[in-house]
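**Student:** Chains as they are written, first to last, in this note's numbering: chain W, 33 to 183; chain F, 33 to 183.
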DNA sequence: CACTATTTTTGCTTTTAGCAAAGAAAATGT
DNA sequence: ACATTTTCTTTGCTAAAAGCAAAAATAGTG
């Protein structure tokens with residue numbers, strides 16, 4: 033009866049793998065179309081307007097090393113999309129936040145990236161969209177907590 | 033009424049994005065644990081024992097450039113995991129196939145990668161696993177055909 | 001047989017990423 | 001109070017991932 037699990041796991045492994053490749057291609061296209069490096073797009077996508085973040089926070093949520101983040105931020109800073117100031121409470125910390133220019137861009141980016149997905153989703157039923165949401169949501173939770181346990 | 037689509041698209045965009053980051057981390061860990069580069073693992077994962085592939089076929093299904101594939105295959109060839117012979121019918125084509133060593137490794141790889149997912153999935157219900165399968169399957173189809181249209 | 005098209009490879013460059021050490025600041029122990 | 005340790009970020013270096021443009025090799029065509 034454990035057979036069922038094995039079967040389902042195989043099928044999900046395969047599908048997730050394919051989805052991953054497609055989504056990476058999709059991200060790459062989108063970033064390029066907006067004159068951004070993929071890493072920059074990924075980073076911008078997670079910073080919210082008004083909030084500020086430490087390098088570590090960003091590194092953790094992007095699953096990258098702090099040193100990698102320093103470089104990504106260097107790039108965004110050079111394009112005046114983010115500000116980088118030393119925290120006054122604890123001067124070891126950097127406080128990364130969006131500039132006005134950054135906020136405008138991120139707003140547009142999020143909007144258009146959601147539109148792109150809207151385009152993909154527009155021809156299927158509301159129920160199917162919910163199925164996608166539920167399925168991916170479940171999977172995301174599982175992978176995420178698996179990572180926490182095995183890191 | 034289009035509001036609903038926009039909302040769902042946003043949610044799915046967000047989730048897919050997070051899932052992607054997690055799955056990339058997962059792949060990286062798995063490849064490293066098996067002494068492979070991520071690109072090598074990804075490539076091995078799609079070649080089936082007994083079949084042979086052109087460079088282009090592999091490049092297309094991995095969403096990479098042919099030149100990139102040449103390099104990945106170089107690596108696998110150096111480790112004697114794949115054979116590379118000129119096609120006799122059309123000598124421009126390469127025929128890439130798994131060696132015995134390659135077949136053994138790929139068998140183990142697929143087994144263990146599915147086990148890893150089995151581990152993640154083992155504590156949820158059969159129904160939830162089906163929800164994951166269905167959701168990801170739908171999404172994969174959408175992204176995949178979107179890519180075909182927009183490339 | 002010259003020209004064109006296709007498939008793969010090579011050389012070069014860019015992007016992505018991490019590690020280890022250094023630098024800077026805070027916390028802690030004596 | 002100050003030496004030691006810890007924490008956060010950056011820097012220097014290296015490796016891996018990936019593409020582009022040109023070359024090489026072969027096939028197809030007028």
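The beta-carbon is built from N, C-alpha and C at its ideal position, and this holds for glycine as well. Computed from a prediction, not measured in an experiment: that's the story for all the values here.
#1: Quick one, are the C-beta atoms of residue 138(W) and residue 71(W) less than 8 angstroms apart?
#2: Using a Cβ-Cβ distance cut-off of 8 angstroms, determine whether residue 108(W) contacts chain F.
#3: What residues in the region 48–69 of chain F have a beta carbon less than 8 angstroms from any beta carbon of chain W?
#4: Does the region 126–134 of chain W come within contact of the region 163–176 of chain W, defined as at least 3 CB pairs closer than 8 angstroms?
#5: Rounded to whole angstroms, what is the Cα-Cα separation between residue 60(F) and residue 102(W)?
#6: Of the residues that make up the region 130–149 of chain F, which ones have a beta carbon closer than 7 angstroms to any beta carbon in chain W?
#7: Can you tell me whether DSSP reads residue 117(F) as helix, strand or coil?
#8: Could you have a look at residue 78(W) and say whether DSSP puts it in helix, strand or coil?
#9: When DSSP builds the beta bridges, which residues end up paired with residue 128(F)?
#10: Whole-angstrom Cβ separation of residue 79(W) and residue 105(W), contact assumed at under 8 angstroms?
#11: Leaving aside the five residues before and after residue 64(F) along the sequence, list all residues of the same chain whose C-beta is less than 6 angstroms from its C-beta, in chain order.
#12: Output, in chain order, the set of chain F residues within a Cβ distance shorter than 9 angstroms of residue 35(W).
#13: Using only alpha-carbon positions, find the residue among 164(W), 84(W), 75(W) that is nearest to residue 141(W).
#14: Does any C-beta atom of chain W lie closer than 8 angstroms to the C-beta of residue 165(F)?
#15: For the alpha helix (DSSP H) containing residue 123(F), name the first residue and the last one.
#16: Just how far apart, CA to CA, sit residue 77(F) and residue 162(W)?
#17: I'd like to know if residue 168(W) contacts chain F, where contact means its C-beta is closer than 8 angstroms to some C-beta of that chain.
#18: At a cut of 8 angstroms, does the region 146–162 of chain W reach the region 108–117 of chain W through at least three beta carbon pairs?
#19: So which residues of chain F does residue 103(W) contact, with C-beta pairs closer than 7 angstroms?
#20: I'd like to know whether the C-beta atoms of residue 47(F) and residue 165(W) end up nearer to each other than 8 angstroms.
#21: Take the Cβ of residue 40(W) as the centre, count every other Cβ of all protein chains shown within 10 Å, and call the residue buried at 16 or more, exposed below.
#22: Residues of chain F with CB closer than 8 angstroms to the CB of residue 154(W), please, in chain order.
#23: Taking a Cβ distance cut-off of 7 angstroms, strictly less, list which residues of the region 70–87 of chain W are near chain F, in chain order.
#24: Locate the alpha helix (DSSP H) running through residue 182(W), then write down its first and last residues.
#25: Applying the 10 Å Cβ sphere with the 16-neighbour rule, what's the burial state of residue 183(W)?
**Tutor:** Put simply:
#1: no
#2: no
#3: 48, 49, 50, 51, 52, 53, 54, 55, 56, 57, 58, 59, 61
#4: no
#5: 21 angstroms
#6: 145, 146, 149
#7: strand
#8: helix
#9: 85(F), 116(F)
#10: That pair is no contact at about 10 angstroms.
#11: none
#12: Simply none; closest approach about 11 angstroms.
#13: 75(W)
#14: yes
#15: Here residue 123(F) belongs to no alpha helix (DSSP H), and DSSP marks it neither H nor E.
#16: Using only the alpha carbons, I get a separation of about 30 angstroms.
#17: yes
#18: The region 146–162 of chain W is not in contact with the region 108–117 of chain W.
#19: Those do not exist, as residue 103(W) stays about 18 angstroms from chain F at its closest Cβ, beyond 7 angstroms.
#20: yes
#21: The C-beta of residue 40(W) has 16 or more other C-beta atoms within 10 Å across all chains shown, which makes the residue buried.
#22: 37
#23: 77
#24: The continuous stretches of alpha helix (DSSP H) do not include residue 182(W), and DSSP gives it neither H nor E.
#25: exposed
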